[in-house]
Amino acid sequence: MDANIKISIKNLSFRYYRRNVIDNLSFRFAENKITAITGPSGQGKSTLLTTINRLWEDIPGACMTGNVTIQFKEAVKNIYDRSIDLPWLRKKVGMVFQSPNPLPMSIFKNTAFPLKLAGEKDNRVTASKVENALKKTFLWNEVKDRLQNDARTLSGGQQQRLCMARALVLEPEVLLLDEPTSSLDPLSVSVIENLLLDLKHNQTIIMVSHYLDQIKRIADHVMELE
Ligand code: ADP
Ligand code: MG
843 MDANIKISIK
853 NLSFRYYRRN
863 VIDNLSFRFA
873 ENKITAITGP
883 SGQGKSTLLT
893 TINRLWEDIP
903 GACMTGNVTI
913 QFKEAVKNIY
923 DRSIDLPWLR
933 KKVGMVFQSP
943 NPLPMSIFKN
953 TAFPLKLAGE
963 KDNRVTASKV
973 ENALKKTFLW
983 NEVKDRLQND
993 ARTLSGGQQQ
1003 RLCMARALVL
1013 EPEVLLLDEP
1023 TSSLDPLSVS
1033 VIENLLLDLK
1043 HNQTIIMVSH
1053 YLDQIKRIAD
1063 HVMELE
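Taking our numbering, the leading residue of the sequence shown gets 843, the next gets one more, and so forth.
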């Protein structure tokens, strides 16, 4: 695969039962850039994201053909290859959804959750990774004195940054974001946009957005689904 390409989608078609949603799409996503996916609603933007972490596979009636190849740091892999371990893939490809979805537990436990799933047993390692992730999303100073509080007591913008910290705690190489700022106030939007600009130095970011001004502000590339 070419040097600056992180993800290559080839001849991707997708349907839910008999309804075609994506028809023979090919696209290459640049490494360590922000690519915005835009287009009218119902065009398959969210669906496309789920083909990059295989999240669609549990959806009844969903069917995909085509290939998705990712140039991971260790090797180039077809993510639909039989040898791919799904928990491993989800570690490498993180996802953040449209509305913040904190789990009903403390701020600390929310952030540490993926580490626990991945089998991390060392409490000091966990604490240090949680702190780093919360620092990356500029949340640490706001929450360090109340890490044991329920995450749902945070504001909407803080909850979304918490969800981003949770997605970042395993240091994924790719970050998928599905309209991550659409439920947020302007100040939180700007905090998250700055955060994404900061993250792209180490991460390939693919973000669904229908805000043209946002795309102009932060996207390096645009993919329009029509
Ligand atoms: P977008 O994110 O661009 O709004 P989606 O990917 O959510 O589009 O949806 C694309 C099309 O697929 C829509 O017509 C939607 O109704 C349909 N769709 C989405 N999810 C499902 C599902 N789980 N089952 C059946 N149809 C679905
Ligand atoms: Mg959508």
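By construction, the Cβ of each residue, glycine as well, lies at the ideal position given by its N, Cα and C atoms.
Heavy atom of the ligand ADP within 6 Å of residue i beta-carbon
i: Tyr858; result: yes
Beta-bridge partners of residue i, as assigned by DSSP
i: Lys919; result: Ile912
i: Ile879; result: Val1050 and Met1065
i: Ser850; result: Arg870 and Thr911
i: Tyr858; result: Arg861 and Ala904
i: Met843; result: Partner(s): none; Met843 has no beta bridge.
Local conformation of residue i per DSSP, three classes
i: Ser1051; result: coil
i: Leu996; result: coil
i: Ile1060; result: helix
i: Met906; result: strand
i: Met1006; result: helix
i: Asp1020; result: strand
i: Ser948; result: strand
i: Val935; result: strand
i: Pro942; result: coil
i: Ile926; result: coil
i: Pro1028; result: helix
i: Leu981; result: coil
Closer than 6 Å: residue i CB and nearest the ligand HEM heavy atom
i: Asp992; result: As for the ligand HEM, it is missing from this structure, which binds only the ligand ADP and the ligand MG.
Is the stretch 861-871 touching the stretch 1019-1037 in the sense that three or more CB pairs, one from each, lie closer than 8 Å?
no
Listed in chain order, which residues are found with a beta carbon closer than 5 Å to a heavy atom of the ligand ADP?
Tyr858, Val863, Ser883, Gly884, Gln885, Gly886, Lys887, Ser888, Thr889 and Ile901
Tell me, please, whether the stretch 978-997 touches the stretch 903-922 by the rule of three or more beta-carbon pairs shorter than 8 Å.
no
Counting pairs of beta carbons, one from the stretch 934-943 and one from the stretch 873-880, are three or more of them closer than 8 Å?
no
Say whether the stretch 1015-1029 touches the stretch 974-992, bearing in mind that this needs 3 or more beta-carbon pairs closer than 8 Å, one atom from each stretch.
no
Do three or more CB pairs link the stretch 1042-1062 to the stretch 850-861 at distances below 8 Å?
no
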